[in-house]
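Engineer: Provided herewith is a single structure, encoded as structure tokens, for subsequent inquiry.
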Amino acid sequence: MNKTVRSGGREARTIGGDAVTDNTASGNKHQTSQNVSPQNLALGGDVRALRKSKSLTLSELADRIDRSVGYLSQVERGISSPSIDDLRAIAAALGIPTSWFFMRENEVPRERGIVVRAADRRTLGTRETGIVEELLSPSLGGTFELFRSEFQPGAEMKEEILRQTEESGYVVSGVFDISIAGELFHLNAGDSFCFDHKPYKWKNPGDEICVVIWAVSPPVY
Numbered sequence: 018m019n020k021t022v023r024s025g026g027r028e029a030r031t032i033g034g035d036a037v038t039d040n041t042a043s044g045n046k047h048q049t050s051q052n053v054s055p056q057n058l059a060l061g062g063d064v065r066a067l068r069k070s071k072s073l074t075l076s077e078l079a080d081r082i083d084r085s086v087g088y089l090s091q092v093e094r095g096i097s098s099p100s101i102d103d104l105r106a107i108a109a110a111l112g113i114p115t116s117w118f119f120m121r122e123n124e125v126p127r128e129r130g131i132v133v134r135a136a137d138r139r140t141l142g143t144r145e146t147g148i149v150e151e152l153l154s155p156s157l158g159g160t161f162e163l164f165r166s167e168f169q170p171g172a173e174m175k176e177e178i179l180r181q182t183e184e185s186g187y188v189v190s191g192v193f194d195i196s197i198a199g200e201l202f203h204l205n206a207g208d209s210f211c212f213d214h215k216p217y218k219w220k221n222p223g224d225e226i227c228v229v230i231w232a233v234s235p236p237v238y
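If you count the sequence shown from 1, position 118 lands on 135 in our numbering, and the numbers rise without skipping.
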């Protein structure tokens, strides 16, 4: 359970029992633990996997968050607990919400890296942006990632994108238009698709939410 406490002018938030401290008032930017906790290892592993998915070096990400390479390396190895401000900066640099890092409090140790409970899925996007993606993969360190994507009625990717990935999808509900290398495909519930290294864009032409299970290799988040 997450909670916030104050001590000596500092704000700390707990993740699964481990304190993540906001030390900006005292000038200290992070705390270092002698014992590496599973929670810090998981958080650090996420930072490392996300950084690599963006093709960023340690030095490049450290520059973006105005921290040293040594400190960021300690965060990725689970040795240091980043402050709330540092987590916000890391999330902004990686293009994800800060809440991404606070979704492990209900995780059962024996299920870590194996099972994702429905209530504990990590989310990207909002209904206002037209698409909400939930990560179904238990970690970001594998060779592929699995998402449950909800496309709002009328939502559309207007410009094609080209990723160096292989992608597959299964339409769970609704209707889904996907243009791959300039060729348009109209899909209904139960249909699936697959493509690799080709430009694409999508649209939900229906008046109901469209749900697609989407697999991407290598990971992009």
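Ideal Cβ positions, reconstructed from N, Cα and C, are used throughout, including at glycine. Please read these numbers as outputs of a predicted model, since none were measured by experiment.
1. Tell me whether Arg65 sits in a helix, a strand or coil according to DSSP, three-state version.
2. Rounded to the nearest angstrom, how far is the Cβ of Leu141 from that of Phe118, given a contact under 8 Å?
3. Residue ranges of each alpha helix (DSSP H) run of no fewer than 4 residues wholly in the stretch 89 to 151, ordered along the chain?
4. Do Trp219 and Phe164 have their C-beta atoms closer together than 8 Å?
5. Is the stretch 76 to 84 in contact with the stretch 97 to 117, if contact means three or more CB pairs nearer than 8 Å?
6. Which residue from Glu177, Ser156, Glu225 puts its Cα closest to that of Glu128?
7. Which stretch, first to last residue, makes up the alpha helix (DSSP H) that contains Asp80?
8. Quick check on Asn221: buried or exposed, where buried means 16 or more other Cβ atoms within 10 Å of its Cβ?
9. Can you tell me whether Leu89 is buried or exposed, with buried defined as 16 or more other CB within 10 angstroms of its CB?
10. Can you tell me whether Asn205 is buried or exposed? The criterion is at least 16 other CB atoms within 10 Å of its CB, across all chains shown.
11. Using 8 Å as the threshold, is the stretch 137 to 153 in touch with the stretch 200 to 215, meaning 3 or more CB pairs across them?
12. Check the C-beta distance from Ile148 over to Ser166 and give it rounded, since I have them as a contact under 8 Å.
13. Note down the Cα distance separating Pro55 from Leu67, rounded to an integer number of angstroms.
14. Buried or exposed: Asp63, going by 16 or more other Cβ atoms within 10 Å of its Cβ?
15. In whole angstroms, what separates the C-alpha of Leu58 from that of Tyr217?
16. Within its chain, find whatever has a CB closer than 8 Å to the CB of Arg138; leave out the 5 residues flanking it on each side and keep chain order.
17. Less than 8 Å separating the beta-carbons of Pro170 and Gly223?
18. Relative to the C-alpha of Ser234, which candidate in Val133, Glu184, Phe202, Ile197 has its C-alpha closest?
19. Within a Cβ cutoff of 6 Å, which residues of the same chain sit near Val188, ignoring the five residues on either side of it in sequence?
20. For Gly86, does the three-state DSSP call read helix, strand or coil?
21. Could you check how far apart the C-beta atoms of Val192 and Ser70 are, in whole angstroms? I think they sit under 8 Å.
22. Helix, strand or coil: how does DSSP classify Asn57 here?
Structural biologist: Inspection of the coordinates gives the following:
1. helix
2. The Cβ separation is near 13 Å, so there is no contact.
3. 101 to 111
4. no
5. yes
6. Ser156
7. For Asp80, the uninterrupted alpha helix (DSSP H) segment begins and ends at 75 to 82.
8. buried
9. buried
10. exposed
11. By the Cβ rule, the stretch 137 to 153 does not count as touching the stretch 200 to 215, because fewer than three pairs are nearer than 8 Å.
12. 6 Å
13. 18 Å
14. Classification for Asp63: buried.
15. Cα to Cα, Leu58 sits roughly 36 Å from Tyr217.
16. Met120, Glu151, Leu152, Leu153, Arg165
17. Taking 8 Å as the Cβ cut-off, Pro170 and Gly223 qualify as a contacting pair.
18. Glu184
19. Leu204, Ala206, Asp208, Val229
20. Note that residue 86 is Val in the sequence shown here, rather than Gly. Reduced to three states, the DSSP call for Val86 is helix.
21. Contact between Val192 and Ser70 does not hold, since their C-beta atoms are separated by about 30 Å, which reaches or exceeds 8 Å.
22. helix
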